[in-house]
Structures are given as structure tokens and as C-alpha cells.
Amino acid sequence: MSLRNGLRSGAFVLSIALVGLFSAASGLLPGCNVIVAEPIQTSSDVGNPCVPFVELDARFPGTKVTERNIVTNDFQQCETGICLINNFQGRTSCPLGQPEPTPCTGPLDASCGPDQSCVESGVVPVPCDPQAADGGASQCANYGGACNAEHGACECTADEHCPQGTTCDVTTKQCKKYVCHVPGSCQSEGASELDNEGKSCCVPGSDAPVSSAVCGQCGSRPPEQAVYCSCRCGPAEGAPDEGNYCECPDDFECKELVPYVGLGDTAGKYCIKKGTASDVTCGAVHGYFDPAACKGVGFP
0 MSLRNGLRSG AFVLSIALVG LFSAASGLLP GCNVIVAEPI QTSSDVGNPC VPFVELDARF
60 PGTKVTERNI VTNDFQQCET GICLINNFQG RTSCPLGQPE PTPCTGPLDA SCGPDQSCVE
120 SGVVPVPCDP QAADGGASQC ANYGGACNAE HGACECTADE HCPQGTTCDV TTKQCKKYVC
180 HVPGSCQSEG ASELDNEGKS CCVPGSDAPV SSAVCGQCGS RPPEQAVYCS CRCGPAEGAP
240 DEGNYCECPD DFECKELVPY VGLGDTAGKY CIKKGTASDV TCGAVHGYFD PAACKGVGFP
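Per numbering that gives the first Met the number 0, the sequence shown runs over residues 0 to 299.
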């Protein structure tokens, strides 16, 4: 089962805490982030849609249209191992975006009003190192005192052990974020604007609401034009020619997306759909639009 099919069917079990996934290599080139691994050089599924792994994190507010992200080693969705996010705004599964949901404190909180429930949005770990000399205890001194070796996170026993805006689940000893949500009311990628209106952004394949504000997608760069499987088709200008590249299929062109800066192995040219090379314009944004955080023009 592919990741995308698993997400759509709800069969994908969320057990990943992704923290700063796209920031690992952001120091190499402003606006261009990478996750480094060696891709398989084949073009058999170039252009197929993919869901960026980072969207499995309910705290993730979405990508920016000013960024290019090369997510490698993604063989669950792409035979090439590469999911390309080429100047895309928001979340692929949430076309209209959303304002930040109303926070609440847990399942017994009745403050959300009619038709809404206070539901878990996700775990917010306080990282610790169980391999440290003291087992991570000093790192958790203000967060419950004990470091869970399996999760690499401090174990809470009370709300004061958790980051602001989160609540301690004393059963699992994890800090969790809760928000108000209408159960089952989630936007979906293939639905009409009318069907998505008023619904939440959710973690793909689940009813877990996203806990942050999410910009609406750019009208000129929907996911089918900006987020899909790709492959590296040539070296970047000035980079050594490794001689191991794919050929782009019809209706695609080979464009340099990651310049060579002397570090990393993702620099190069990638197959993109013809006519989709971005000048970082966004166009009209239907849905949630915050001019301080979103590009484009808000559309009422």
C-alpha cells in the first residue's frame, strides 16, 4: 500500500514526532531546504502526487511559496525516492487553510460550544537524551524529572511540566495539544471549495485537527503543479558531473532547483512539469489569508 493510499484510507498509523523536518539543511541556501539521501534514478512515476511527510505533524503550518523542498528517501510514495515541493504554499490536504483553532484543555473541557469537542491534536514532546550520563534527568528537571528512553522525551505528571498551551496526559505521561473541533469535519484535497468551506485542516488520513494557522493554497500553484514525485535529471551549474541521472518524461522539463554550494548531495536539476517554473508569485488565495504570514492576494 502506498503512503498516499494509506493516508486516504485511514490505514496509516501516526507514530512519528517530526520536529523541524525542513530546517535540517536550511543553512545551506536561503529558501531551499533538503533532507539528504541517495535517490533511485528512474522516471517511472515522475509526476505522481505525494504527501510530504511533515504534514503528518499536526503542528506543521505548511510550506511557503518562497521555498523549494527536496524530500528524499520517500520510497513509500515515489519509486524515485523523491517528493518535490516546488514553491508551494500551505498543506496539500487543506486547500482553504484555516485560522488557528481555539485551544482547550482536554476531553472534559466543555468550553468549545455546540457541535464541537475538545480533541487531541498531537503530542508536543520536551526532548531529552536518555543516553546522557544522568539518563536525561537534568534536562527534565523542570518537566517531570524523568526522561522516557523510548520517546526521547520528558515524562510529565502535571500540566506545569508541559510547554505553554499544552496539557499533561497523566496516563501516557505525554504533553498534548488539544483544540476545539467538529468531529469528522476535515478538508480534503479533492473536494470542492464549497465542500471544504468551514472545515478544519487535519492530519492526512485521520480526524486529528492541525493545531496551527495554515495559509490557503496559492491559486496559481495548486498541489498538482507543485508537489509530486520527481527525479534528478542533471548536475547543478559548477557541480561535479556524477553521470547518474534520469530522463524527464514528456510534458516535463529539466530545471536546476538546488544550486551547488559545495555541500550536500541534492544539488542539481530536477524534472518539473513544463510551464511551472516559479517566479514565486502566488495569485489569489481562497480561504484563510493572513498578509503577515501568507503570500498572494486574499480573496473574499
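C-beta: ideal position from N, C-alpha, C; glycine also.
Would the beta-carbon of Cys228 fall within 8 Å of that of Asn47?
To locate residue 228, count along the sequence shown from 1; it is residue 229. To locate residue 47, count along the sequence shown from 1; it is residue 48. Yes, Cβ-Cβ distance for Cys228 and Asn47 is below 8 Å.
Glu236 to Cys230 span [Cα, whole Å]:
Residue mapping note: residue 236 aligns to position 237 of the sequence shown, counting from 1. Residue mapping note: residue 230 aligns to position 231 of the sequence shown, counting from 1. Distance between the alpha carbons of Glu236 and Cys230 is about 17 Å.
Under 7 Å Cβ to Cβ from Tyr244, same chain only, skipping five residues before and after it: list those, please.
The count along the sequence shown starts at 1 and reaches residue 244 at position 245. Taken in chain order, the residues that qualify are Gln40, Arg231, Cys232, Gly233.
Does DSSP classify Glu159 as helix, strand or coil?
Translated into the one-based positions of the sequence shown, residue 159 becomes position 160. The answer is helix: DSSP assigns Glu159 an H, G or I state.
Can you find the residues in the same chain that come closer than 6 Å, C-beta to C-beta, to Pro98, ignoring five residues on each side of it along the sequence?
Sequence index remark: in the sequence shown, residue 98 carries index 99 (1-based). Cβ neighbours of Pro98 beyond the five flanking positions: Ala212, Tyr287.
Use the C-beta contact count for Pro239: other C-beta atoms within 10 angstroms, 16 or more gives buried, fewer gives exposed.
Counting from one through the sequence shown, the residue named residue 239 turns up at place 240. That one is exposed.
Please determine if the segment 143-155 and the segment 172-185 are in contact, where contact requires at least 3 C-beta pairs separated by less than 8 Å.
yes
How close, in whole Å, do the beta carbons of Thr104 and Cys111 come, if the pair is a contact with beta carbons under 8 Å?
Reading the sequence shown from its first residue, position 105 is the one you call residue 104. Reading the sequence shown from its first residue, position 112 is the one you call residue 111. Contact flag wrong, Cβ pair sits at about 10 Å.
Please classify Gly295 as buried or exposed, where buried requires at least 16 neighbouring CB atoms within 10 angstroms.
For this step, residue 295 is matched to residue 296 along the sequence shown. Counting Cβ neighbours within 10 Å, Gly295 comes out buried, since at least 16 surround it.
How many angstroms separate the CA atom of Ser116 from the CA atom of Pro106?
Looking up residue 116 in the sequence shown gives position 117. Looking up residue 106 in the sequence shown gives position 107. Rounded to the nearest angstrom, the two C-alpha atoms are 7 Å apart.
So, under 8 Å CB-CB, Val284 and Cys200 are touching, yes? Tell me the CB distance rounded to an integer number of Å.
On the sequence shown, position 285 is the one that residue 284 refers to. On the sequence shown, position 201 is the one that residue 200 refers to. The Cβ separation is near 14 Å, so there is no contact.
Rounded separation between Glu188 and Cys93 - CA only:
What you label residue 188 is simply residue 189 of the sequence shown in a count that begins at 1. What you label residue 93 is simply residue 94 of the sequence shown in a count that begins at 1. About 6 Å.
CB of Pro51 within 8 Å of CB of Ser120, strictly:
The residue given as residue 51 occupies position 52 in the sequence shown. The residue given as residue 120 occupies position 121 in the sequence shown. Contact flag unset, no.
Hey, could you find the ends of the alpha helix (DSSP H) Gln224 is sitting in?
In the sequence shown, counting from the first residue as 1, residue 224 sits at position 225. Run containing Gln224: 222-225, per the alpha helix (DSSP H) assignment.
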